[in-house]
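Residue numbers (the numbering used here): 1 to 172. Even for Gly, the Cβ is constructed at its ideal location relative to N, Cα and C. Computed from a prediction, not measured in an experiment: that's the story for all the values here.
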């Protein structure tokens, strides 16, 4: 049903939102780590430029190379995290759109159901009115027939009485 779809997609949107927030936090954490690693690399490069002996230069060059590898790895992680964030953002947008569609459908169905119930009540009312009118008509017809029969009987009695009076008047 539309209600179940809305409930399900509300939960999905909440999960998507939570996943996106977690990914954003992870992205912020990676950016902070990359900043620290770049600072460490910069410090190692400064130490390398100040080194005077061959062994110090070799040691600092090894540290610079290692730190550069870490900074490069951070950059790769950030690129991957950016892709993840983009994907999560797209999925959240799609799910929000689907949720909105289901909410609109739910609203439409609720309005349609209300209209149907209103029309059903009107149909019942109309049927009751027709039944009442039919019963009133039948009662009126029955009353008219009864009144007619009564009038015809009275008229026949009056005619019979008048004939008897005419017959009596002829004899007298």
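Item to check | Minimum C-alpha distance to residue 75 - residue among 89, 60, 35 and 105 | outcome: 35
Checklist entry - Looking at the unbroken alpha helix (DSSP H) that takes in residue 150, where does it start and where does it end? => result 54 to 171
Next on the checklist: Does the distance between the C-beta of residue 18 and the nearest non-hydrogen atom of the ligand HEM fall short of 8 Å?
Outcome noted: For the ligand HEM, the structure offers nothing, since it holds no ligand at all.
Item to check | Supposed contact pair residue 31 and residue 78 - C-beta distance, whole angstroms, cut 8 Å | outcome: 7 Å
Item to check | Segments assigned alpha helix (DSSP H), at least 4 residues, entirely inside the stretch 4 to 57 | outcome: none
Item to check | Inter-residue spacing [alpha-carbon to alpha-carbon] between residue 257 and residue 161 | outcome: What the structure shows of the chain is the stretch from 1 to 172, and residue 257 is not part of that stretch, so it cannot be assessed.
Next on the checklist: Please report the straight-line C-alpha distance between residue 143 and residue 137, rounded to a whole angstrom.
Outcome noted: 10 Å
Next on the checklist: Whether or not the stretch 5 to 14 and the stretch 101 to 120 are in contact is what I'm after, with contact meaning three or more pairs of Cβ atoms, one per stretch, closer than 8 Å; do they touch?
Outcome noted: yes
Checklist entry - Closest to residue 90 by CA distance: which of 1, 166, 167 and 16 is it? => result 16
Checklist entry - Between the Cα of residue 97 and the Cα atoms of 4, 13 and 151, which residue gives the shortest distance? => result 13
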